[in-house]
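To start, the structure under review is shown below, and the notes come after it.
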Amino acid sequence: MLNAALSQLLQPIFRTFDTILLILALLINLPIILFTLIRNPKLPSNFLLLFNTLQPLPLGSKIFTYLISLVAPYSGSLNATCLTLTSKSCTVECKETSYLKNPFNSMHACALTNLCELVTGLAMLSYFQSHPKRVRGIVTRISTTYKKKARGKITAYSMLWEEVEEDCVRVAKAVLKDEIGEVVAEGEIEWNIKVEERGGKKKN
182 MLNAALSQLL
192 QPIFRTFDTI
202 LLILALLINL
212 PIILFTLIRN
222 PKLPSNFLLL
232 FNTLQPLPLG
242 SKIFTYLISL
252 VAPYSGSLNA
262 TCLTLTSKSC
272 TVECKETSYL
282 KNPFNSMHAC
292 ALTNLCELVT
302 GLAMLSYFQS
312 HPKRVRGIVT
322 RISTTYKKKA
332 RGKITAYSML
342 WEEVEEDCVR
352 VAKAVLKDEI
362 GEVVAEGEIE
372 WNIKVEERGG
382 KKKN
């Protein structure tokens, strides 16, 4: 109880520190970001391109995390860091904090489900944006299985195996592990996917 109260008191300080880091990251990297944006105007709307641009930069992951919170504020509440992102996979890291905890001194079930949705969502949207056709999707079902209490640093991983060529339903899976490599939760997120040819013609 004392630790939780102390964490709540220190939370504004942590948030202020995060804000300072973000401002510093933007100031340091702004010239490179603007130059890349001029060369490729699609940068803001392409997660994979954005990640590959920001990741090598000093504090680039901090900027990417902030952009996620702008696009998806609820997912952004996790303050998770994207470690890897490809056109079919994603790895995200989330640290246990006081506002993500349940009364049993571990990460809340909803926070873990949120993490499952975030890591699969980034992998899925990256795949959509890299697809030669125009692909859109929306989550229609989320199922999470909890294996053990989640404490400390949690790493979430998702890999997409099946190709999408026409309208379909796909289930993206996420595996969440703690710092010793034990699985704390597994998620299955169902997506209803629509495929169109570039230019708006629907795939028959």
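Residue numbering for the sequence shown follows our numbering, starting at 182 and increasing by one per position.
For every residue, glycine included, the Cβ atom is placed at its ideal position computed from N, Cα and C.
The model shown is predicted, which means the values in this text are computed figures rather than measured ones.
(request) Would you identify the three-state DSSP class for Ile361, choosing helix, strand or coil? (result) coil
(message) Considering just the uninterrupted stretch of the alpha helix (DSSP H) at Met288, what are its terminal residues?
(response) Per DSSP, Met288 belongs to no alpha helix (DSSP H) and is neither H nor E.
(message) Which of the three DSSP states is assigned to Gly368 in this structure?
(response) strand
(request) Note down, in chain order, each residue of its chain lying with its Cβ closer than 6 angstroms to the Cβ of Leu144, except the 5 sequence neighbours on either side. (result) Outside the displayed range of the chain (182 to 385) lies residue 144, so it cannot be described from this structure.
(request) Answer yes if the region 317-325 comes into contact with the region 293-305, meaning at least three C-beta pairs across the two stretches below 8 angstroms, and no otherwise. (result) yes
(request) Indicate whether the contact test is met: 3 or more Cβ pairs, each with one atom in the region 303-317 and one in the region 335-343, closer than 8 angstroms. (result) yes
(message) Less than 8 angstroms between the C-beta atoms of Glu369 and Val356, yes or no?
(response) no
(request) Starting from the C-beta of Asp359, find all residues in its chain whose C-beta is less than 7 angstroms away, skip the five residues before and the five after it, and write them out in chain order. (result) Ala331, Arg332, Gly333, Ile335, Val365
(request) Can you give me the start and stop residues for the beta strand (DSSP E) that Thr234 sits inside? (result) First-last for Thr234: 228-235, but that is the alpha helix (DSSP H), not the beta strand (DSSP E).
(request) Starting from the C-beta of Phe285, find all residues in its chain whose C-beta is less than 8 angstroms away, skip the five residues before and the five after it, and write them out in chain order. (result) Lys330
(request) Have a look at Arg220 and Asn210 and give me their C-alpha separation to the nearest angstrom. (result) 16 angstroms
(request) Output the distance between the C-alpha atoms of Phe309 and Cys349, rounded to the nearest integer angstrom. (result) 13 angstroms
(request) Compare the C-alpha of Cys388 against each of Glu377, Phe216, Ala206, Cys271 and name the closest. (result) Since the first residue of the chain shown is 182 and the last is 385, residue 388 is not available in this structure.
(message) For Ser279, report the span of its alpha helix (DSSP H) as first-last.
(response) Here Ser279 belongs to no alpha helix (DSSP H), and DSSP marks it neither H nor E.
(request) Helix, strand or coil for Ser268, going by three-state DSSP, please let me know. (result) coil
(request) Tell me Cys263's beta-bridge partners as DSSP assigns them. (result) Val273
(request) In angstroms with no decimal places, state the Cα-to-Cα distance between Ile316 and Ser268. (result) For clarity, residue 316 is Val in the given sequence; the question names Ile instead. Each residue's alpha carbon lies about 13 angstroms from the other.
(request) Locate the beta strand (DSSP E) running through Val316, then write down its first and last residues. (result) 315-327
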